Amino acid sequence: MHQFTFKKEERLSSKKELSSLMSEGEHLFAYPFRVTYKKCSDSLSPTAVVISVPKRNFKRAVWRNLLKRRSREAYRLNKSILPEGESYHILFVYVAKSELNYGSIEGGIREALTTISRQ
RNA sequence: CCGGCGGGCGGUUUCAUCGCGCAAAGAAAUUUGUGAGGAAAGUCCGGGCAGGAUAGAGCUCUCUGCUGUGGAAAGCACAGAUAGGUGAAAGCUUAUGUCAGGGGUAACAGAAAAUAACCGCCCAAGAAUUCCGUUCUGAAAGGAACGGGGCUGUUCUGAAAAGAUCAGAUUCUUUGGUAAGGGUGAAAAUGUGGGGCAAGAGCCCACGUUUGCAUGCAGCGAUGUAUGCGAAGUAUUCCUCCAGAGCCUGCAAGGUCAUGUAUAUCAGCAUAUAAGGGCUGCUCGUCCUUUGCUGAGGGGUAGACUGCGACAGAUAAAUGAUGAAAGGAAGGGGCAUGCGCCCCUUUUACAGAACUCGGCUUAUACGCCCGCCUUUUUU
RNA sequence: GCCCAGAUGGCGGAAUAGGUAGACGCGCUGGUCUCAAACACCAGUGCCGCGAGGCAUGCCGGUUCGAUCCCGGCUCUGGGUA
């Protein structure tokens, strides 16, 4: 129904789940992102996502916020690529050194999501 | 007018599609309302607040330092004082408790850098009297040869040569006196003129400079000004001294609930007028413990609420993304060449709340307003 | 978020109550030794400039006669804190 939404339940915030994702998750690379993902056993909860922009590459909070907003927007508009009924935990890390426009970021997100859904 | 200086503001707007945080309403779908800044930044000062034995006293330590007012306070603001720098001016900018308390330091250069005597000048004592002219050489300093005289004057002795005495001249040595002069240096002993003196010197005088105290006047005051009595051997707050302020840690502080377990074992110390400990170093005071403390080593948890009442209030952290217009600025082109109009391109800053206030500092495309100045140039 | 610390030749690392910056070690360059190399020994070694000189302690200012040092402000790097 409301597939273009991005609610609070779709954000991964539990420290426990994050550390399990980091240790057990699978890795892939889709420029400008390094993606870590894991299929969730509990399929009742929706797919949860973390987006991270390292402080090392972007000193100013304005730039970090801008890139996170663009990435979130791209995920929100393209998350229907993932198969219905499955649940994932996904971590996106923005690894490019420079600021990219919305088109490049959306391309990266789409590539990552199609790769995940194929497996 | 141009240009310059000071102060104060603003710092994009609209539409379309899809979304986010919070609050309220609703059974729900959903609807309505609301949602970043002047610096939210740096974390440089100061509070509130919280905890640390009732954080309590002294020393140590740290910070501040002209005056007045405001302020809870501040390495705060405004106004002012004195002195310096800069500018043509408006103005801008720096410093200011004390070396008439003490200690330290002053590299290099220089005679000397802080109880100054290396040269020079002068008094005294002692010793000595190889000096002049011409020529040659040499850039000069100097050197060589020849000639003249044996420092000058007075008195005495002596036949003469010569000698002695006293006074003076020159040179050397020694003991003193002198800060007027000496290529240095960031800084050289209060400046100029006169008197004075053996030579000199604030040693004395006049006019000044800097400065302490007292009194009068002006001012709330810093201070200014006048008079009187004094001082003047420089600079620097590095330490000390004087005045004032400061206990420490910081919301990842701290509190509540839930989950979870084991103070196993080893080493050292101590056992009641004793020992050990506690969030800065020392001392005191105080409090706590008495199978205690310290070290090694091991086990468990790491979720939620609160703190966080807010005309934003999150907690891997909302306030947006994409597209299109309008406006501003800069550049180019065309029409006009008096204002102006049209088109194209580029650009549209710095930057994102995290317990919260008061300041400071730093970053900032561009635009607007007010006041002030007039060196050059034009009218 | 909060609280701290640091920055010196190519590298590590000295020097501070303000007074000639680069001690010392490593490395590099040249030479001696060797058939050749290693080891060892000797000399040199920041940059610009023919030279006289100038610039150099992360960067920009200030105080001072004179700052690696003292005082502001930026930049970068590292650490602690549930």
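Residue 237 is where the first sequence starts when you use this note's numbering, and the numbers rise one by one after that. Just so it is clear, CB atoms sit at the ideal spot from N, CA and C, and this is done for glycine as well. Predicted model, so just to flag it, every value in this text is computed and none were measured.
Contact the stretch 338-351 vs the stretch 260-276: 3+ CB pairs below 8 Å | yes
Nearest-angstrom beta carbon gap, V286 and L327 [assumed within contact, 8 Å] = 5 Å
DSSP three-state assignment for S323, whether helix, strand or coil = coil
Consult DSSP for C271 and reduce its assignment to one of helix, strand or coil.
-> The sequence given here has Val at residue 271, not Cys. Strand, per DSSP.
What does S288 pair with, by DSSP beta-bridge criteria?
-> V329
Go ahead and pull the three-state DSSP assignment for L318.
-> coil
From E246, L313 and G321, pick the residue whose C-alpha is nearest to that of A284; which is it?
-> E246
Identify the continuous alpha helix (DSSP H) that holds L349 and give its terminal residues.
-> Y338 to R354
Check whether S307 and I352 have beta carbons under 7 Å apart = no
Per-residue DSSP class, three states only, for E335 = coil
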